[in-house]
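A short worksheet on the structure shown next.
Here's what the structure looks like:
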């Protein structure tokens, strides 16, 4: 009797592990965003006055980013996520699917909350139609991305069939979920660019020197970087998932084997772009405040101009569309002798400053 030839050894296949890279990038970006958020809060609490809704939403978004990283850590440590499919340790397929779905939901929540915080900041600088438009962006973006966040949990009937595929039932047609994510991702990117353009229309009308005006507008337009990241993520989304899991696979384990087959490199990159979108948006939302912190550190004795509204400290003046809370700030007109630009336009009001 002839003996069968030796089967290919598993050692002949690649055994590289992208899990450590995934964790390093995810936690590294989160640490960077945490530093920016911490400096923003320091500026608000110690140099300016109090926190507003945009700050609290950024704090909540930071919590969701940390939760996303924590779930990514569970995937890497418990299931060896980041390795090739033959090296994965999917000892509990149902738990694996629940962790994957939870991470998707929380990462989308992190993205929309960071964008919402930035949009709320713009609300304090706008009036009339522009303000109504910003409200439209906030509401529509939260509805669209909120729906995308719950897609993994509602795509099957009964709902549990989405992660326990042995159950009888039906699910959405193939690729419906990924198409929804692509559509909402594209809309999110469009809103990122829109929110980045709006400050130009608002700030350009404010009386600032050209250098200051450009600096303020550029600082408030950093959200465009998040739009670029959202586009890159959309480009990678079509390869997400496979066939209709409910119809094509009799068990959750069978689906997991298919979904991870030669997909690890792509999925790891998509996970990285996930956390990049949220952290970059958070950093962009913090930069305008940090610009003022750096300016005041360099010139602490110089009064803060009222027209420098993008310092996000809830200061206002007629025509700028920002509200001054009662008894929070005292606005004092500068005398001719207090003019910031000595020798120019003497005898007329040069501005106001905050005491």
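Numbering (the numbering used here), first residue to last: 1 to 355. All C-beta atoms, glycine included, are put in the ideal place defined by N, C-alpha and C. Since the structure is predicted, the reported quantities are computational estimates derived from the model, not experimental observations.
For residue 58, count the other beta carbons within 10 Å of its own beta carbon; 16 or more makes it buried, fewer makes it exposed. Which is it? As a working note, residue 58 is residue 58 in the chain shown. Buried, because 16 or more other Cβ atoms sit within 10 Å of the Cβ of residue 58.
State yes or no: is the C-beta of residue 200 nearer than 6 Å to some heavy atom of the ligand HEM? This structure simply doesn't include the ligand HEM, nor any ligand for that matter.
Please classify residue 81: does DSSP put it in a helix, a strand, or coil? The count along the chain shown starts at 1 and reaches residue 81 at position 81. Here residue 81 sits in strand by DSSP.
Tell me which same chain residues have a C-beta within less than 8 Å of the C-beta of residue 156, skipping the five on either side of it? Position 156 of the chain shown, counted from the start, is the residue given in the question as residue 156. Excluding sequence neighbours, residue 156 sits near 162, 169, 170, 171, 172, 246.
Under a Cβ-count criterion, where at least 16 other Cβ atoms within 10 Å of its own Cβ denotes burial, should residue 19 be classed as buried or exposed? The count along the chain shown starts at 1 and reaches residue 19 at position 19. Per the 10 Å Cβ criterion, buried.
Strictly by DSSP, which residues pair up with residue 170? Along the chain shown, read from residue 1 onward, the residue named residue 170 stands at position 170. Residue 170 pairs with 157.
Could you tell me whether the region 69-78 touches the region 112-123, using the rule of 3 or more Cβ pairs below 8 Å? no
Whole angstroms are fine: how far does the CA of residue 184 sit from the CA of residue 74? Taking the chain shown and counting its residues from 1, the one referred to as residue 74 is at position 74. Taking the chain shown and counting its residues from 1, the one referred to as residue 184 is at position 184. Roughly 27 Å between the two C-alpha positions.
Quick check on residue 432: buried or exposed, where buried means 16 or more other Cβ atoms within 10 Å of its Cβ? Past the edges of the chain, shown from 1 to 355, lies residue 432, and the structure says nothing about it.
State the DSSP-derived secondary structure class of residue 54, mapped to helix, strand or coil. Numbered from its first residue, the chain shown carries residue 54 at position 54. Correct three-state label for residue 54: helix.
Where does residue 17 sit, in a helix, a strand or coil, going by DSSP? Numbered from 1 along the chain shown, position 17 holds the residue referred to as residue 17. If DSSP states are grouped into helix, strand and coil, residue 17 belongs with the strands.
Out of 237, 114, 223, 200, state which residue places its alpha-carbon closest to the alpha-carbon of residue 175. Taking the first residue of the chain shown as position 1, residue 175 is located at position 175. With distances taken between Cα atoms, residue 175 lies closest to 237.
Flag this pair as touching only if the region 18-35 and the region 80-99 have three or more C-beta atom pairs under 8 Å; answer yes or no. With a cut-off of 8 Å, the region 80-99 and the region 18-35 count as touching, because enough Cβ pairs lie within range.
Option nearest residue 202 by Cα separation, candidates 130, 149, 186: The count along the chain shown starts at 1 and reaches residue 202 at position 202. Checked all of 130, 149, 186; the closest Cα to residue 202 is 130.
Please return the same chain residues whose Cβ sits closer than 8 Å to the Cβ of residue 89, not counting the five positions on each side in sequence. Along the chain shown, one-based indexing puts residue 89 at 89. Excluding positions up to five away in sequence, the list reads 78, 79, 80.
Would a check of beta-carbon distances place residue 61 closer than 7 Å to chain C? Structure shown: chain C not included; a single protein chain is present.
Inter-residue Cα distance where the pair is residue 44 and residue 275: By one-based count along the chain shown, residue 44 stands at place 44. By one-based count along the chain shown, residue 275 stands at place 275. If you take the alpha carbons of residue 44 and residue 275, they lie about 26 Å apart.
Inter-residue spacing [alpha-carbon to alpha-carbon] between residue 115 and residue 186: Within the chain shown, residue 115 is the residue found at index 115, counting from 1. Within the chain shown, residue 186 is the residue found at index 186, counting from 1. So the alpha carbons of these two residues sit roughly 14 Å apart.
Considering only the alpha carbon of each residue, which of 233, 234, 192, 200 lies closest to residue 225? Numbered from its first residue, the chain shown carries residue 225 at position 225. Ranked by Cα distance from residue 225, the first of 233, 234, 192, 200 is 192.
Considering only C-alpha positions, which residue in the set 188, 141, 279, 102 is nearest to residue 150? Looking up residue 150 in the chain shown gives position 150. Looking at the Cα atoms, 102 is the closest of the given residues.
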